[in-house]
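Protein chains in written order, with this note's numbering: chain Z, 1 to 355; chain V, 1001 to 1336.
Cβ atoms here follow ideal geometry from the backbone N, Cα and C, with glycine treated the same way.
See below for the structure under consideration.
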Amino acid sequence: MQTPVHIDPTRALGDITTFQRKLAAGMASLRNMREPEYANTPRELVYSEDKLKVWHFTGHGKATSKTPLLIVYALVNTVWMTDLQADRSMVRNLLEQGEDVYLIDWGYPDGADRWLTLDDYINGYLDRCVDAVRRRHDLDAINLLGICQGGAFSLCYTALHADKVKNLITMVTPVDFHTPDNMLSHWCRGMDVDLFVDTMGNIPAGLMNYVYLTLKPLRLNQQKYIGMVDILDNPAELENFLRMERWIFDSPDQAGEAFRQFIKDFYQDNKLVKGTLEIGGRSVDLGMITQPVLNIFAEQDHLVPPDASRALGKHVGTTDYTQLAFKGGHIGIYVSGRAQREVPPAIHQWLRQRG
Amino acid sequence: MADPANDFIRDYQALAQQSWDAWTRQFQQPPAANPFAPAPAPAAGNDTLERTLAGLKGYFDWMQAAAGGGATQPAPDWRQQLQQMFGGASQPFTQAFGGIDSAGAEGFARQWQSWLQAARHSGFADLAGAPGATPAFGLNREQQMQQQTLSTALVASMQAITRYQELIQRANMQGMQRLQHKLAEPGRQIDSLKALYDLWVDASEEAYAEIALSDEFRDVYGEMVNTQMRARQLQQQQTEQICQQLGVPTRSEVSSLGERLQALRREFRASQAGGPADHADEIMALRRELAALKRQLAGTQAAALEPKGAVAKKTPKVTRKPVATSKSSASPRKRK
């Protein structure tokens, strides 16, 4: 059989030379590069408590939407993925559509937050954030947009505080944690989480990042950086790359107790879909969610497999359920060019149809 | 006899190595010396940077080796040629996979060494070479038993890491097999080093994902985490004992305080939630109930004062109309 590998020696040498040249150019580029800024869409602080802050984004024009939209992000990573850079900002695009956007920034937990539970986060912090926005607008109920773990929190919250949520949007939200392709969940199930949290206390962000990298070790540890060499001589692209690196690795530690509960109840025991979940002693029944629900997931999501999100349709109580599959990954759903064109307009349109 | 082509490649490789070394040094430059500053602790990010650079360097070395031999030379057996390129001493991917399986182990070993040094300085005896439940006795019996327990836990942890590394190695080998299958697909042609590398990544990630989703991997992964946590916990216990001897507050004590504080905060919130706002609602509800009761009482009293005949006169005549059955009234309401 003939060899399928036909690499011209001259071309190979050229590739090596190019690689080397770009590395050399990269030295100069990186030396002159500053820490890339996020989009920093203008915002005002409207509520704070402990390390938590609620930001209200101020657009150029007045919001046309009558009901404010509160974004509930995950505890892992920082909220600035939603406002990464000027031309890749979900927040900015929602503002341009006319939405009145608020965002919960959970902050960076430290030893003082070691004993925060899911009850503290969901029935405590989140509830008080919702109340703060409701008070500002003198409304009984507002719209919630939950992202990833924040989506799971939003589902719990809506089931427990139905009268305070008008419409619910979930993005890349895990609901069924036991789909066969869920690698994180698979790994968690052999862990003694009690021993883990009792030993570690808060879970260090570096450890979390390390686990995420090992989901696709070659792509994320090596291939990505080989790709970076190609853009070392392009300052604009390099800045985008470094901004993303900043976001990936600048992440908060996880409050120990909340982590323990989340891993046990969600990842290990899959209680959200089994209907056996309790938060603060109250049963969380997804069937109690009767308000309109828009569920957006990414078809190439390696962190939250699409089936893990799709499961929501089977368990939620509403008769007004809409599902939107996005062609992209867990991160691309916020920052890709396609996401800018498709996701915020879809959210706005869906909300507008529901008043 | 001189071989101009090979000489050129050798010279080029030497030059490339020099520039690579310069690039690496650029990112490993120590900060300017400060005679008053304490010795710098190893930065947390350095491990990641070193792994990143090692990954790039691995790829770079592999490209050079492949260009100097394997990939650009026609070979009678291309499968063997691939094995040499990806499995030989110069293969770049030890770093990539090595980064996965050794990072945790290295970190743990380093931490263990630091702890051991601290323990020695604090008067703890050296660990016995071989772990096992050798009965201890005498004044230091408890310490000896603790050391044995820790020693056993550390060995268990290292064994678990070894099993994990074996699975990673298996993923590496199966990735190689998958690469061969991909290359054997009809019409497949590779004409650049980068394309070959990318295909290898695809193949290896597929192999890794399959293993990572297996029950065996789940068990080994869990065991690796659990045994390491067990060893760390024993270290912490011994460290706490040292702290107690020195009168230093321990992690458990601080953690206990945190737990109590959080419980108090919860109680305080709960009492606030049941405070003025909720009481106002309750008072309003009670007032409404009282007003209704007053109305009811007033009505009953009025009825009792009026003559019986008058009551009989005021009593309306109840007539029943036949209930018309229509489609609209018979059909159940649709749920909106």
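Which residues in chain Z sit within 8 angstroms of residue i, going by Cβ to Cβ distance?
{"i": "D1219 of chain V", "result": "G190"}
{"i": "M967 of chain V", "result": "Given a span of 1001 to 1336 for chain V in the structure shown, any question on residue 967 of chain V remains unanswerable."}
{"i": "Q1080 of chain V", "result": "Here the premise fails: no neighbours, minimum Cβ distance about 11 angstroms."}
{"i": "Q1233 of chain V", "result": "L195, D198, T199"}
{"i": "Q1177 of chain V", "result": "In chain order: nothing, as chain Z lies at least about 15 angstroms away."}
Just the chain Z side, please: which residues come within less than 9 angstroms of residue i by C-beta, in chain order?
{"i": "D1191 of chain V", "result": "V5, H6, I7, D8, R11"}
{"i": "R1188 of chain V", "result": "P4"}
{"i": "L1183 of chain V", "result": "T3, P4, V5"}
Is it true that the CB of residue j sits closer than 8 angstroms to the CB of residue i?
{"i": "Y1221 of chain V", "j": "Y1164 of chain V", "result": "yes"}
{"i": "Q1244 of chain V", "j": "D198 of chain Z", "result": "no"}
{"i": "A985 of chain V", "j": "E1223 of chain V", "result": "The question about residue 985 of chain V has no answer here: the residues shown for chain V are numbered 1001 through 1336."}
{"i": "V1201 of chain V", "j": "R219 of chain Z", "result": "yes"}
{"i": "L70 of chain Z", "j": "I104 of chain Z", "result": "yes"}
{"i": "P235 of chain Z", "j": "V133 of chain Z", "result": "no"}
{"i": "F153 of chain Z", "j": "V72 of chain Z", "result": "yes"}
{"i": "Q291 of chain Z", "j": "T318 of chain Z", "result": "yes"}
{"i": "N77 of chain Z", "j": "S251 of chain Z", "result": "yes"}
{"i": "A1285 of chain V", "j": "T1227 of chain V", "result": "no"}
{"i": "I169 of chain Z", "j": "L294 of chain Z", "result": "yes"}
{"i": "A86 of chain Z", "j": "A39 of chain Z", "result": "yes"}
{"i": "A1153 of chain V", "j": "A1054 of chain V", "result": "no"}
{"i": "G256 of chain Z", "j": "M191 of chain Z", "result": "no"}
{"i": "I248 of chain Z", "j": "N221 of chain Z", "result": "no"}
What in chain Z is Cβ-close to residue i, meaning under 7 angstroms?
{"i": "F1060 of chain V", "result": "F19"}
{"i": "Q1165 of chain V", "result": "Neighbours of Q1165 of chain V on chain Z: none; closest Cβ ~13 angstroms, over 7 angstroms."}
{"i": "A1226 of chain V", "result": "The residue asked about is misnamed: residue 1226 of chain V is Asn in this sequence, not Ala. What N1226 of chain V touches in chain Z: M191, D192, L195."}
{"i": "A1067 of chain V", "result": "P9, A12, L13, I16"}
{"i": "V1201 of chain V", "result": "L218, R219, Q223"}
{"i": "R1230 of chain V", "result": "L195"}
{"i": "L1286 of chain V", "result": "Those within 7 angstroms of L1286 of chain V in chain Z number zero; the least Cβ separation is about 22 angstroms."}
{"i": "Q1146 of chain V", "result": "Result: empty, since nearest Cβ-Cβ is about 16 angstroms, beyond 7 angstroms."}
In the DSSP assignment, what are the bridge partners of residue i?
{"i": "L144 of chain Z", "result": "Z:L70, Z:L168"}
{"i": "Q323 of chain Z", "result": "Z:N295"}
{"i": "L45 of chain Z", "result": "Z:W55"}
{"i": "I279 of chain Z", "result": "Z:R282"}
{"i": "I1190 of chain V", "result": "Z:V5"}
So the candidates are the options; which of them puts its Cα closest to the Cα of residue i?
{"i": "C129 of chain Z", "options": "Z:S185, Z:L144, Z:T17, Z:E99", "result": "Z:L144"}
{"i": "D1077 of chain V", "options": "Z:M200, Z:D50, Z:Y321, Z:P4", "result": "Z:P4"}
{"i": "A311 of chain Z", "options": "Z:Q254, Z:K216, Z:V273, Z:Q353", "result": "Z:V273"}
{"i": "S1214 of chain V", "options": "Z:M171, Z:E278, Z:L184", "result": "Z:L184"}
{"i": "P368 of chain Z", "options": "V:M1063, V:L1056, V:L1053", "result": "No answer is possible for residue 368 of chain Z: it lies beyond the span of chain Z, which begins at 1 and ends at 355."}
{"i": "R114 of chain Z", "options": "V:Q1262, V:T1149, V:D1061, V:A1203", "result": "V:Q1262"}
{"i": "D83 of chain Z", "options": "Z:L94, Z:V76, Z:L75", "result": "Z:L94"}
{"i": "D120 of chain Z", "options": "Z:D307, Z:F262, Z:L303, Z:P305", "result": "Z:F262"}
{"i": "G26 of chain Z", "options": "Z:E99, Z:K53, Z:E96, Z:L242", "result": "Z:L242"}
{"i": "A1171 of chain V", "options": "Z:T214, Z:G332, Z:G190", "result": "Z:T214"}
{"i": "A101 of chain Z", "options": "Z:R135, Z:V343, Z:P204, Z:G59", "result": "A small fix is needed here, since residue 101 of chain Z is Val in this sequence, not Ala. The candidate whose alpha carbon is nearest that of V101 of chain Z is Z:G59."}
{"i": "S1338 of chain V", "options": "V:G1055, V:A1067, V:R1266, V:E1210", "result": "Missing from the structure shown is residue 1338 of chain V; chain V here goes from 1001 to 1336 and no further."}
{"i": "G61 of chain Z", "options": "Z:Q97, Z:E37, Z:R31", "result": "Z:Q97"}
{"i": "K360 of chain Z", "options": "Z:E44, Z:V172, Z:D138, Z:I147", "result": "Absent from the structure is residue 360 of chain Z, since the part of chain Z shown begins at 1 and ends at 355."}
{"i": "T1162 of chain V", "options": "V:V1225, V:V1254, V:L1056", "result": "V:V1225"}
{"i": "P217 of chain Z", "options": "V:R1218, V:E1259, V:A1212, V:E1216", "result": "V:A1212"}
{"i": "E49 of chain Z", "options": "Z:H6, Z:G107, Z:L13", "result": "Z:G107"}
{"i": "L324 of chain Z", "options": "Z:N270, Z:F297, Z:Q223", "result": "Z:F297"}
Taking Cβ-Cβ distances shorter than 7 angstroms, what residues in chain V pair up with residue i?
{"i": "H186 of chain Z", "result": "L1213, R1218"}
{"i": "L216 of chain Z", "result": "The amino acid occupying residue 216 of chain Z in the given sequence is Lys; Leu does not appear at that position. Within 7 angstroms Cβ-Cβ: E1205."}
{"i": "W115 of chain Z", "result": "G1258, E1259, Q1262"}
{"i": "D301 of chain Z", "result": "Those within 7 angstroms of D301 of chain Z in chain V number zero; the least Cβ separation is about 14 angstroms."}
{"i": "G124 of chain Z", "result": "R1269"}
Under 8 angstroms Cβ-Cβ, which residues of chain V neighbour residue i?
{"i": "R134 of chain Z", "result": "The contacting residues do not exist; R134 of chain Z stays about 14 angstroms from chain V at best."}
{"i": "A63 of chain Z", "result": "Those do not exist, as A63 of chain Z stays about 27 angstroms from chain V at its closest Cβ, beyond 8 angstroms."}
{"i": "T170 of chain Z", "result": "By Cβ distance, chain V contributes nothing, its closest Cβ being about 22 angstroms from T170 of chain Z, past 8 angstroms."}
{"i": "G329 of chain Z", "result": "Neighbours of G329 of chain Z on chain V: none; closest Cβ ~14 angstroms, over 8 angstroms."}
Cβ closer than 9 angstroms: which chain V residues qualify as neighbours of residue i?
{"i": "M208 of chain Z", "result": "Correct list: empty, because the minimum Cβ distance to chain V is about 13 angstroms."}
Query - Whole runs of the alpha helix (DSSP H) within the segment 53-124 of chain Z, excluding any shorter than 4 residues - result: 90-97
Report task. Within the segment 1147-1185 of chain V, note down every full beta strand (DSSP E) run reaching 3 residues or more, in order along the chain. Result -> none
**Report entry** alpha helix (DSSP H) runs wholly inside the segment 218-256 of chain Z, at least 4 long, in chain order
**Finding:** 224-231, 235-249
Query - Entirely enclosed beta strand (DSSP E) segments - the segment 160-206 of chain Z, minimum 3 residues - result: 165-171
**Report entry** Complete runs of the beta strand (DSSP E) confined to the segment 1184-1267 of chain V [at least 3 residues]
**Finding:** none
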